[in-house]
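In our numbering, the protein residues as written are 30 to 519.
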C-alpha cells in the first residue's frame with residue numbers, strides 16, 4: 030500500500046492503494062469468520078491497523094479524481110461505523126491524521142460546499158476529543174487545511190470567513206483549547222485569501238495582520254514572524270489593488286531588513302514581479318519608468334547581493350505595458366531598451382531569461398502602433414536578432430513563424446511612407462516565406478495577410494514600378510490559391 034501511495038501518478042497510485050486496502054479488509058473478514066467457526070486463538074494472517082487506512086487516505090487526498098472526496102468519506106465512515114462502533118475496534122477510529130487527509134481533499138475541491146463541510150469536520154473532531162478521543166484533536170495543520178479550503182474560493186466572503194477562523198484560532202489558544210497559537214502559515218494563507226478576493230478591505234486587513242504578526246513575534250511567538258511568503262501575499266494584495274507606492278515601500282522594507290540579517294524575509298522574483306505589476310496596473314503617468322526602476326533594482330539585487338534572478342514575466346509585463354501605450358511618444362524606445370536588457374542578460378548566461386517571441390513582437394507592435402518611421406527597420410533588426418539568438422545561443426522559444434513575419438510586414442507597412450526601400454524589404458520577406466514553405470517548413474507559409482501587407486506596402490511606395498510590383502504579388506497570391514496553398518476567398 031505504501032509503495033502504491035508513493036506513485037508519482039497520484040490518481041493511479043491512490044486507486045491501487047484503495048484496491049489493496051479493500052482486499053485486506055475482505056481477507057480480514059474471512060479470517061475473523063474462520064476464527065469464530067473453529068474457535069481458534071491463533072493470530073489472523075491479515076491484521077488491519079490505522080496506518081493502512083491513513084496511508085490510503087493520504088494518497089486519495091492528493092488525487093485529482095472527481096470522486097476522491099466521496100471515496101475518502103466512505104472509508105472514514107467504515108472506520109467509524111463498521112470498525113470502531115460495531116466491532117469495538119477503537120484502534121481503527123479516525124484520528125487527527127485521518128481527518129487531516131479528509132480536509133486536504135476538501136481543500137483541493139475548491140467549492141463552497143467543501144469549505145462548509147471542512148468546518149463541520151473540525152466541529153466533529155472537537156466533539157470526539159471532548160468525549161475522550163485524545164488522538165483526534167485539531168492541530169495547526171488541521172487549521173491550515175480549512176483556511177486553504179476558503180483560499181481556493183477567491184471571493185470576498187471566503188476571505189472574511191478565513192479571517193474569522195484565524196481570529197477564532199487566537200481565541201481558542203488563549204482559552205487553552207488549542208495547544209499551539211496561529212503560526213506564520215496561517216497568517217500567510219489568510220493574507221493570500223484576501224489578495225485573491227478582490228475585496229477593497231484586503232489591503233487594510235493584510236496590513237493589520239502583518240502588524241499583528243510583528244507584535245506577536247515581539248511578545249515571544251517565534252512562529253509568528255513574517256517570512257518571504259507572508260510579505261509576498263501582502264505585496265500581491267497591494268498589487269491587485271493597484272496600490273503601487275505602498276507595494277514599493279513594502280518591497281524596499283524587505284530589502285532593508287534582509288540586509289540587516291533577516292534571512293526569512295529576502296525578496297524573491299515574485300516580490301519584484303508583484304510590484305512591477307502594481308505599477309503597470311496603476312494609472313500613474315510614470316508607471317512604465319517606475320516599473321523599470323523596480324526591475325533594475327531586482328536585477329541589481331540578484332547580481333550583487335545574491336538574490337534570486339527575476340522571472341521572465343517581469344520583462345514581458347513591462348514590454349506589454351509599453352506596447353499598449355500608443356499615445357506615449359517614447360514607449361517604443363523604452364520597450365526596445367527593456368528587450369535589449371533582457372537579451373544581454375540571456376547572452377551573459379542567464380538561461381532562465383530565455384526571451385519569448387512575444388517579447389520581440391511587443392516591441393515591433395509598439396513601434397507600429399505609432400507609425401514610427403523606424404518601425405520597419407527596427408522590426409527587421411529584431412527578426413535578425415531572434416534568428417541569431419536561436420542559432421548561436423540556443424533560445425529555444427524563438428520560433429520564427431508566419432505570425433512573426435506578418436508582424437514585421439505590418440511594421441514596414443506603417444512606416445513605408447518614410448522608407449523608400451520598404452517595398453523591396455517586404456517582398457524579400459515574402460520570398461523567404463515562400464521559399465521556406467516550398468522546402469516543407471509550413472510554420473512560415475505565407476497567408477492572405479502576408480500578401481496583402483506586401484501589396485499595401487508597394488501601394489504606398491514612391492517607386493516608379495510600384496504598380497507592376499503590386500500586380501506581381503497579387504498574381505503570386507492568385508497562383509498559390511489555385512495550388513490549394515491558401516485558404517479563404519481571394
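Think of the CB as a built atom: it goes at the ideal place given N, C-alpha and C, for glycine as much as any other residue.
- DSSP places residue 436 inside the alpha helix (DSSP H), whose first and last residues are 431-443.
- Boundaries of the alpha helix (DSSP H) harbouring residue 235: 231-247, taken from the DSSP string.
- Non-local beta-carbon contacts of residue 165 in its own chain, meaning distances under 6 Å to residues more than five positions away in sequence, involve 124, 125, 154, 157 and 158 in chain order.
- Between the alpha carbons of residue 456 and residue 514 lies a distance of about 19 Å.
- Residues of the same chain with a CB within less than 8 Å of the CB of residue 312, apart from the 5 flanking positions on each side, are 271 in chain order.
- Shown here for residue 446: same chain residues with a beta carbon closer than 7 Å to its own, the five before and five after excluded, namely 489 in chain order.
- For residue 379, there is no enclosing alpha helix (DSSP H), as DSSP gives it neither H nor E.
- Cβ neighbours of residue 426 within its own chain (closer than 8 Å, five residues either side excluded): 383, 384, 385 and 386.
- Here the C-alpha atom of residue 187 lies approximately 17 Å from the C-alpha atom of residue 269.
- The straight-line gap separating the alpha-carbon atoms of residue 396 and residue 368 is approximately 13 Å.
- The shortest CA-to-CA distance from residue 306 to any of 503, 50, 410 and 348 is the one to 348.
- In this structure, residue 478 keeps its C-beta atom at 9 Å or more from the C-beta atom of residue 430.
- Pairing residue 51 with residue 62, the inter-Cα distance amounts to about 17 Å.
- The DSSP-derived three-state label of residue 182 is coil.
- Secondary structure of residue 428 (DSSP, three-state): coil.
- The residues 57, in chain order, have a CB closer than 8 Å to that of residue 76 in the same chain once the five nearest residues on each side in sequence are set aside.
- Put simply, the backbone Cα of residue 132 is about 24 Å away from that of residue 203.
- Excluding five sequence positions before and after residue 265, the CB atoms of its chain that fall closer than 6 Å to its own CB belong to 224 and 303, given in chain order.
- Counting only runs of 3 or more residues that sit fully inside the region 294-326, no beta strand (DSSP E) segment turns up.
- Between the alpha carbons of residue 230 and residue 300 lies a distance of about 21 Å.
- Per DSSP, residue 228 lies in no alpha helix (DSSP H) segment and is marked neither H nor E.
- Annotation: the continuous alpha helix (DSSP H) that includes residue 406 extends over 404-422.
- Ranked by Cα distance from residue 419, the first of 372, 403, 356 and 452 is 372.
- Shortest Cα-Cα distance from residue 483 to any of 405, 108 and 471 involves 405.
- Rounded to whole angstroms, the gap between the alpha carbons of residue 403 and residue 444 is 7 Å.
- In the three-state reduction of the DSSP assignment, residue 497 falls in the helix class.
- In the displayed model, residue 45 falls within a helix according to three-state DSSP.
- Annotated three-state conformation of residue 209 is coil, per DSSP.
- DSSP, reduced to helix, strand and coil, places residue 278 within a helical segment of the structure shown.
- Sorting 162, 360, 381 and 357 by C-alpha distance to the C-alpha of residue 343 places 381 at the top.
- Across the set 428, 452, 480 and 364, the C-alpha of 428 shows the shortest separation from the C-alpha of residue 470.
- In this structure, the alpha-carbon of residue 79 lies about 31 Å from that of residue 213.
- Here residue 189 carries a helix assignment [DSSP, helix/strand/coil].
- In the three-state reduction of the DSSP assignment, residue 253 falls in the helix class.
- Between residue 46 and residue 88 a beta carbon distance of about 5 Å is seen, short of the 8 Å cut, so the two are scored as contacting.
- Take residue 199, set aside five residues on each side of it, and the residues of its chain with a beta-carbon closer than 8 Å to its own are 210 and 211, in chain order.
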